[in-house]
Amino acid sequence: MPYQPIENYGIVGNMRTVALVGVNGSIDWFCFPAFDSPSVFAALLDHEKGGRFFIEPLVDGVTFKQVYWPDTNVLVTRFLSETAVGEIIDFMPIGEAIAEDHHHQLVRRLRVVRGHMSFRLVCQPAFNYARDPHEVTVDADGAVFTSNSLSLRLATNIPLTAEGPAATAQISLGEGEEVTFSLRHAALDAGNSPWLDAGEAEHLFEETVRYWRNWLSQTTYHGRWREIVHRSALVLKLLTYAPTGAIVAAPTTSLPETIGGTRNWDYRYTWLRDAAFTLYGLMRIGFTQEAADFMRWIEQRCHEREADGSLHIMYGIHGEHELTEIELPHLDGYKGSKPVRIGNGAHDQLQLDIYGELMDSVYLYNKYGAPISYDLWVELSELLEYVCDNWKTRDYGVWEVRGEPQHFVYSKVMCWVALDRGLRLADKRSFPANRERWLKCRDEIYRDIMQHGWNDEIQAFVQYYGSDSLDASLLIMPLVFFMSPTDPRMLKTLEAIMRPKKDGGLLSDSLVYRYDYEADVDGIAEAEGTFNMCTFWLVEALTRAGRIEEARLLFERMLSYANHLGLYAEETGPAGEALGNFPQAFTHLALISAAFNLDRALGTGT
Numbered sequence: 004m005p006y007q008p009i010e011n012y013g014i015v016g017n018m019r020t021v022a023l024v025g026v027n028g029s030i031d032w033f034c035f036p037a038f039d040s041p042s043v044f045a046a047l048l049d050h051e052k053g054g055r056f057f058i059e060p061l062v063d064g065v066t067f068k069q070v071y072w073p074d075t076n077v078l079v080t081r082f083l084s085e086t087a088v089g090e091i092i093d094f095m096p097i098g099e100a101i102a103e104d105h106h107h108q109l110v111r112r113l114r115v116v117r118g119h120m121s122f123r124l125v126c127q128p129a130f131n132y133a134r135d136p137h138e139v140t141v142d143a144d145g146a147v148f149t150s151n152s153l154s155l156r157l158a159t160n161i162p163l164t165a166e167g168p169a170a171t172a173q174i175s176l177g178e179g180e181e182v183t184f185s186l187r188h189a190a191l192d193a194g195n196s197p198w199l200d201a202g203e204a205e206h207l208f209e210e211t212v213r214y215w216r217n218w219l220s221q222t223t224y225h226g227r228w229r230e231i232v233h234r235s236a237l238v239l240k241l242l243t244y245a246p247t248g249a250i251v252a253a254p255t256t257s258l259p260e261t262i263g264g265t266r267n268w269d270y271r272y273t274w275l276r277d278a279a280f281t282l283y284g285l286m287r288i289g290f291t292q293e294a295a296d297f298m299r300w301i302e303q304r305c306h307e308r309e310a311d312g313s314l315h316i317m318y319g320i321h322g323e324h325e326l327t328e329i330e331l332p333h334l335d336g337y338k339g340s341k342p343v344r345i346g347n348g349a350h351d352q353l354q355l356d357i358y359g360e361l362m363d364s365v366y367l368y369n370k371y372g373a374p375i376s377y378d379l380w381v382e383l384s385e386l387l388e389y390v391c392d393n394w395k396t397r398d399y400g401v402w403e404v405r406g407e408p409q410h411f412v413y414s415k416v417m418c419w420v421a422l423d424r425g426l427r428l429a430d431k432r433s434f435p436a437n438r439e440r441w442l443k444c445r446d447e448i449y450r451d452i453m454q455h456g457w458n459d460e461i462q463a464f465v466q467y468y469g470s471d472s473l474d475a476s477l478l479i480m481p482l483v484f485f486m487s488p489t490d491p492r493m494l495k496t497l498e499a500i501m502r503p504k505k506d507g508g509l510l511s512d513s514l515v516y517r518y519d520y521e522a523d524v525d526g527i528a529e530a531e532g533t534f535n536m537c538t539f540w541l542v543e544a545l546t547r548a549g550r551i552e553e554a555r556l557l558f559e560r561m562l563s564y565a566n567h568l569g570l571y572a573e574e575t576g577p578a579g580e581a582l583g584n585f586p587q588a589f590t591h592l593a594l595i596s597a598a599f600n601l602d603r604a605l606g607t608g609t
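Letter by letter, the sequence shown follows residues 4 to 609 in the working numbering.
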């Protein structure tokens, strides 16, 4: 089976891990039992060795369609032919009325809704990123796949056959007939029914649908573009790791930013930056419990600061500090995009912007969620002292460059934000604070940015001090109230960014590049796609500048680049294809924020 386009996938999950399901019915990515666990299926990164679980119709002339059950993360993949219609309903059970053991499984319900259809099933795991061999044992209750690191049961009452490392079956169903498959820890066989009968499968399905609909009903967003905003919220919830409240940047690793290139990173971790923005996005539309869970996670990290008082830019979903990056040379990579990486070497980079994103999210949580504790304030105060001591230091910036550190303007702006929100929070709560130092430092940062971050020649704020390169991250300036959205310098920066790339800008048919990759500031001389999050930032910047109709046109054009399910990867390629890890939290939270502010600016009219 050849590689599917990245945009051909949907996801299902249980807030511990997810599975990516192709529009052709193949599960090509699945880490178990957690987001950062080694993969079980990784055909997405090597279609020959990676392993997959596919169910394909044995009918000529089949077309495929994929939809979510309304207002849920339950995925329906439909096979349409002239004589029959079949479908797979994929989900990971979750809900209060479901036993805990049943939460940790992947359920596939195969049915025929019209006519008669035959199918071929192949379940071929490749444990530990296809590094560990396994044995297959077939019995009356399905098959057990046993490796040194993990044993999984594929439970079903359909007879299976062991073929090398795979379990296979030929299935023929008439109209209204259905079979169920569940993939779970083999250890759960003890004391449990070996496979799900029709009644049990229906119970799990109904409870899972009920869970997602009840969760989504908490939203306070009832404006325009509700369907895509709600889908983004459901995606962000899926990317939350329930046991700790951490939020992963994306559930995949090494999906390339350029086909055949080396910009292939592992995103299955919690970036303070991404998670803080995600918290903001969810909180804006009513999901305050997620904010509370993340605040607890943040407080734990604040108690684990480094000897110099700093935080890491990212952590494992259980709070791990060391995320050693290694390459897996035995995997071919998506469409030959090597290397495949696990871990992330940027985990110990200095990125000063994280303190601004963190303080902004804490400030908003204290304002719209619940008052923060004094103990957390003490930790935050010490972080602000760290910012005062270190804001003049060169860092690696929001884009985690692998080149030389610079005085990135975005980093300086977010250091300003950290101190500004700290001062506001101290005043709001009457907390003890080193106000005089913080205020002096905040004002010093502002003047420094205006002196060194503005380039008179190109009439715009630039990527780093002394450069003449634009950076779309500076669209954040009016969003965090560093600049008035109608300040002449901000408007000129907007105009510069909105020029076509061939004319020195960052725009390509309304889509925004994050910076000029040809300038080689990131140490990787490769092309990349437009950055979806930056496009939504541009929408919001235009909205705040009062250019409402222009912002709306840009926003609605950007919506057309979502995949068939409303999901976005990190980037959009030159042919409109998805690039980078998928789906990406940062993009979906930026969509929510842009929709919220644009809808409010448009008012009650059309």
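Think of the CB as a built atom: it goes at the ideal place given N, C-alpha and C, for glycine as much as any other residue.
- A direct Cα-Cα distance of roughly 25 Å separates G226 from T243.
- The DSSP-derived three-state label of R287 is helix.
- Considering only P197, I329 and A548, the residue with the shortest C-alpha distance to N267 is I329.
- Counting only residues of its own chain and dropping the five nearest sequence neighbours on each side, A253 has a CB closer than 6 Å to the CB of Y270, N584 and Q587.
- DSSP places D31 in the uninterrupted beta strand (DSSP E) bounded by S29 to C34.
- Runs of beta strand (DSSP E) with 3 or more residues, each lying fully within the segment 342-389, are absent.
- Here S364 has A279, L282 and Y283 as same chain residues with Cβ atoms under 6 Å from its own Cβ, once five neighbours each way along the sequence are excluded.
- For T164, the enclosing beta strand (DSSP E) has its first and last residue at T164 to E166.
- For H188, the beta-bridge partners assigned by DSSP are L155.
- Each of H455, Y368 and G425 was checked against the Cα of E388, and the nearest Cα belongs to G425.
- Within a 10 Å sphere around the beta-carbon of V416 sit 16 or more other beta-carbons, which makes this residue buried.
- A direct Cα-Cα distance of roughly 14 Å separates F38 from M95.
- In the pairwise beta carbon analysis, the segment 481-499 is classified as not touching the segment 433-440: fewer than three pairs are separated by under 8 Å.
- For the options V43, T66 and L61, the alpha carbon positioned closest to that of R55 is the one of V43.
- With 16 or more other Cβ atoms inside 10 Å of its own Cβ, N535 counts as buried.
- Within its own chain, the residues whose Cβ lies closer than 6 Å to the Cβ of A554, once the five positions on either side in sequence are excluded, are V542, L545, T546 and L601, listed in chain order.
- Contact between the segment 106-118 and the segment 76-93 is present, with at least three C-beta pairs closer than 8 Å.
- In the DSSP assignment, Y71 forms a beta bridge with L78.
- About 10 Å separates the CB atoms of A245 and I320; that is not less than 8 Å, and the two are not in contact.
- When beta bridges are read from the DSSP output, M501 appears opposite no residue.
- Looking only at S313, T291 and Y6, the smallest Cα-Cα distance to L383 is reached by S313.
- When the alpha-carbon of D471 is set against those of E447, L594, P481 and H455, the nearest one is in H455.
- Counting other Cβ atoms within 10 Å of its Cβ, Q221 stays below 16 and is therefore classed as exposed.
- For D104, the enclosing alpha helix (DSSP H) has its first and last residue at E103 to H106.
- Ranked by Cα distance from T327, the first of L124, Y318 and Y449 is Y318.
- Counting along the chain, D451 sits inside no beta strand (DSSP E); it lies in the alpha helix (DSSP H) bounded by residues R438 to H455.
- Taking 8 Å as the upper bound for CB-CB distance, A373 and A295 are in contact here, some 7 Å apart.
- Within its own chain, the residues whose Cβ lies closer than 7 Å to the Cβ of R216, once the five positions on either side in sequence are excluded, are D74 and T75, listed in chain order.
- For the pair of segments examined, the segment 134-143 was found to touch the segment 159-171: the number of CB pairs separated by less than 8 Å reaches three.
- P577 is not bridged by DSSP to any residue.
- Residue burial annotation: D474 is buried, with at least 16 other C-beta atoms found within 10 angstroms of its C-beta.
- For E553, the enclosing alpha helix (DSSP H) stretches over residues I551 to L562.
- From the listed residues R405, Y399 and G569, the smallest Cα separation to L353 is found for Y399.
- Per DSSP, the continuous beta strand (DSSP E) segment holding S150 begins and ends at G145 to S150.
- The secondary-structure analysis by DSSP pairs Y518 across a beta bridge with D474.
- T396 has its alpha-carbon roughly 12 Å from the corresponding atom of I448.
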